[in-house]
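Each protein sequence line maps, in turn, to chains A and B. Here numbering that gives the first Met the number 0 is used: position 142 in the first sequence is 141, and no number is missing along the way. Here numbering that gives the first Met the number 0 is used: position 145 in the second sequence is 144, and no number is missing along the way.
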Amino acid sequence: MKINKYKKGKVIIEKDSPVKKLFYIQQGKITDTKNIFSSGSFFGLVSFFTELNVLNDYRILENAVLYEYDCMDEIPEDILTFFIKSLSDMYVGFSYMSLVGRMPDPSFIISNYNDQKSSAAGGSKKDLLKELKGDGDLDDFIKALDFYINDNDEEVEIPQTFSDFKDEINKLLVEFNVSRFIAMMRGVIVKKSFPAENWYAFFSELFERSITLNDRALTLYIIYSSSFMLTDLEQINSLLRKHWEFLRFNGLNSWIDYVLRVHNNKLIVQVDD
Amino acid sequence: MNVERITSFGVRIDGMYIVANGIVLGVIYGFETNRLFRIFSTGDIIGLDKYYCNIGLIDYFGIGDFELDNLSDDEFKEKLKDKSFCKLFSESLKELFSELSSFSKEDEQIILYYNMKKLYQMSGSKRLGLPKKFVEETGIDRVMAELQTQGKVLLDKDVYIINRQSVTEN
Chain A
0 MKINKYKKGK
10 VIIEKDSPVK
20 KLFYIQQGKI
30 TDTKNIFSSG
40 SFFGLVSFFT
50 ELNVLNDYRI
60 LENAVLYEYD
70 CMDEIPEDIL
80 TFFIKSLSDM
90 YVGFSYMSLV
100 GRMPDPSFII
110 SNYNDQKSSA
120 AGGSKKDLLK
130 ELKGDGDLDD
140 FIKALDFYIN
150 DNDEEVEIPQ
160 TFSDFKDEIN
170 KLLVEFNVSR
180 FIAMMRGVIV
190 KKSFPAENWY
200 AFFSELFERS
210 ITLNDRALTL
220 YIIYSSSFML
230 TDLEQINSLL
240 RKHWEFLRFN
250 GLNSWIDYVL
260 RVHNNKLIVQ
270 VDD
Chain B
0 MNVERITSFG
10 VRIDGMYIVA
20 NGIVLGVIYG
30 FETNRLFRIF
40 STGDIIGLDK
50 YYCNIGLIDY
60 FGIGDFELDN
70 LSDDEFKEKL
80 KDKSFCKLFS
90 ESLKELFSEL
100 SSFSKEDEQI
110 ILYYNMKKLY
120 QMSGSKRLGL
130 PKKFVEETGI
140 DRVMAELQTQ
150 GKVLLDKDVY
160 IINRQSVTEN
């Protein structure tokens with residue numbers, strides 16, 4: 000492995016040349032004129048693996064420090080996660096852009112999965128309806144919740160006070176550190192760390208920020224989280240009403256349905272208690 | 000012929016899978032059209048898409064007899080330190096990205112035809128095709144019908160199969 004520093008403007012891979020190394024951006028930014036690659040990511044992966052020449056120059060956009068590996072097995076443990084993430088981004092982006100001309104929409108895919116899961120593999124719409132009447136529907140719903148609540152390897156320390164927690168969340172949003180943001184929110188949801196009265200104003204603020212960022216995934220997550228932390232159905236409704244046009248325009252109705260179902264489920268559990 | 004959804008995809012995935020034996024179909028979802036985008040075979044890794052946003056964005060279906068080896072996330076990382084695994088994985092990625100690069104210039108009929116041909120050829124003496132029910136319910140029936148009209152595929156006992164004559168011609 001080599002560590003190299005490059006100044007802004009330097010071309011590190013020339014158009015029509017092969018990529019012989021795996022480049023990890025430790026610091027700085029790189030562009031191939033179409034995309035910008037930031038710290039924590041690899042670039043030039045497709046050309047590296049296919050041995051095809053790159054179509055554009057790769058130029059340093061901000062002074063950069065690059066880790067350069069000759070092969071995959073040289074990548075150390077702490078960088079492997081970034082490598083796998085970059086590979087996944089490339090795989091998903093390439094598959095969807097090449098074949099359907101746009102990036103995937105997770106909410107659409109989840110909805111499609113639920114619609115097709117019993118039919119595409121040999122069942123029928125009748126089977127699906129039968130399942131909806133039984134426990135299968137609830138099972139699917141719980142599986143979807145698992146993704147948000149339990150499927151998280153990242154350990155985070157939850158701040159002691161709500162004010163510190165808010166500061167930390169805001170910082171993570173500025174850094175756009177989504178995985179840590181979700182880990183922090185999950186930690187708080189699971190532990191029910193702060194009282195319900197703190198949450199409405201904060202969710203309103205988060206909701207508006209996610210809409211300003213025009214980040215659908217983040218918006219979905221905030222809707223979802225709000226249903227866990229807010230105990231007053233009126234408050235949830237008020238959040239949804241306030242941004243109804245954005246949600247409707249972005250086809251997020253199925254998620255709103257989920258939110259209401261979470262809330263209803265919570266009410267049922269409370270009655271049982 | 001049995002087509003089985005690998006059910007952990009679509010919502011939540013524990014680890015990755017290596018196709019130990021047989022054939023797996025990959026389906027992606029557009030707003031207007033779905034695509035059978037790739038035929039995976041023995042040695043290929045499936046499930047890499049889950050690291051994009053923590054859920055599977057590509058659906059995978061095993062066809063006929065197939066076996067998968069499950070790798071946890073940690074086991075996958077451990078394997079990436081192994082030279083011989085990396086060599087095989089690199090070859091698999093080379094084929095994957097090369098195919099996807101070439102698909103970006105082709106229309107959907109050619110891609111489906113290529114994948115039908117690949118399915119047929121890789122299934123050896125079983126000569127697999129796609130069940131009509133699967134084709135309809137994954138939403139690739141319109142393009143399949145166009146291939147049928149052109150004589151490139153045939154519908155035989157509710158299974159779409161490549162027209163061997165068209166393979167010879169191509």
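Each residue gets a CB set at the ideal place from its N, CA and C atoms; glycine is no exception.
When C-alpha distances from residue 47 of chain A are compared across B:61, B:65, B:70 and B:97, the shortest belongs to B:97. Within the segment 15–45 of chain A, those residues whose Cβ lies closer than 9 Å to any Cβ of chain B are, in chain order, 44 and 45. Within the same chain, 5, 8, 23, 25 and 45 come within 6 Å of residue 59 of chain B by CB-CB distance, once the 5 residues on both sides are set aside. When secondary structure is reduced to three states using DSSP, residue 60 of chain A falls in the strand class. Note on geometry: alpha-carbon atoms of residue 2 of chain B and residue 61 of chain B lie some 6 Å from one another. The beta carbon of residue 80 of chain B falls within 8 Å of a beta carbon belonging to chain A, placing the residue at that interface. No residue range can be given for residue 195 of chain A, since it is assigned to no alpha helix (DSSP H) and is classified by DSSP as neither H nor E. Out of A:95, A:76, A:44 and A:197, the CA that lies nearest to the CA of residue 36 of chain B is found in A:95.
Of all residues in the segment 22–49 of chain B, only 25, 26, 27, 28, 29, 30, 31, 32, 33, 34, 36, 37, 47, 48 and 49 place a beta-carbon less than 9 Å from a beta-carbon of chain A.
By the criterion of a C-beta distance shorter than 7 Å, residue 20 of chain B is surrounded in its chain by 41, 65 and 66, once the five residues flanking it on both sides are discounted.
One alpha carbon belongs to residue 221 of chain A, the other to residue 206 of chain A, and they sit about 6 Å apart.
A Cβ of chain B is located within less than 8 Å of the beta carbon of residue 72 of chain A. Put simply, the CB of residue 76 of chain B is near chain A, with a gap under 8 Å to one of its CB atoms. Looking only at A:88, A:77 and A:73, the smallest Cα-Cα distance to residue 86 of chain B is reached by A:73.
Burial state of residue 50 of chain A is exposed, judged by a 10 Å Cβ sphere holding fewer than 16 other Cβ atoms.
Per the coordinates, the alpha-carbon of residue 200 of chain A lies some 52 Å from the alpha-carbon of residue 90 of chain B.
With contact defined as three or more Cβ pairs closer than 8 Å, the segment 60–78 of chain A and the segment 68–75 of chain B are not in contact. For residue 49 of chain A, the enclosing alpha helix (DSSP H) begins and ends at 44–49.
Beta-bridge partners of residue 30 of chain A (DSSP): A:35 and A:58. Excluding its 5 nearest sequence neighbours in each direction, residue 41 of chain A has C-beta neighbours in its own chain below 8 Å: 21, 22, 23, 24, 81, 82, 85 and 86, listed in chain order. Of all residues in the segment 85–97 of chain B, the ones placed with a Cβ closer than 8 Å to any Cβ belonging to chain A are 85, 88, 89, 92, 93, 95, 96 and 97, in chain order. Annotation: the continuous alpha helix (DSSP H) that includes residue 169 of chain A extends over 161–174. If you draw a 10 Å sphere on the C-beta of residue 229 of chain A, you find 16 or more other C-beta atoms in it, and that means buried. In this structure, the straight-line span from the alpha carbon of residue 174 of chain A to that of residue 130 of chain B is close to 48 Å.
With fewer than 16 other Cβ atoms from the protein chains shown falling within 10 Å of its own Cβ, residue 211 of chain A counts as exposed. Short of 8 Å from the beta carbon of residue 133 of chain B, and not among the five residues preceding or following it, lie these beta carbons of its own chain, in chain order: 2 and 60. Taking the Cα positions, residue 188 of chain A is about 45 Å away from residue 53 of chain A. In the three-state scheme derived from DSSP, where H, G and I count as helix and E and B as strand, residue 149 of chain B is classed as coil.
One alpha carbon belongs to residue 27 of chain B, the other to residue 107 of chain B, and they sit about 13 Å apart. For the pair residue 55 of chain A and residue 88 of chain A, the CB atoms are not nearer than the 8 Å cut-off.
For the segment 51–65 of chain B, the set of residues with a beta-carbon nearer than 9 Å to any beta-carbon of chain A comprises 51, 52, 53, 54, 55, 56, 57, 58 and 60, in chain order.
Against chain B, the CB of residue 175 of chain A has no partner CB under 8 Å away; the residue lies outside that interface. The beta carbon of residue 167 of chain A sits closer than 8 Å to the beta carbons of 158 and 183 from its chain, once the five residues preceding and following it are set aside; these are given in chain order. In terms of beta-carbon proximity, residue 124 of chain B stays away from the interface with chain A, with every pair separated by 8 Å or more. Proximity to residue 135 of chain B across B:34, B:63 and B:17 peaks at B:34, based on C-alpha coordinates. In this structure, residue 121 of chain B lies away from residue 161 of chain B, with their beta-carbon atoms at least 8 Å apart.
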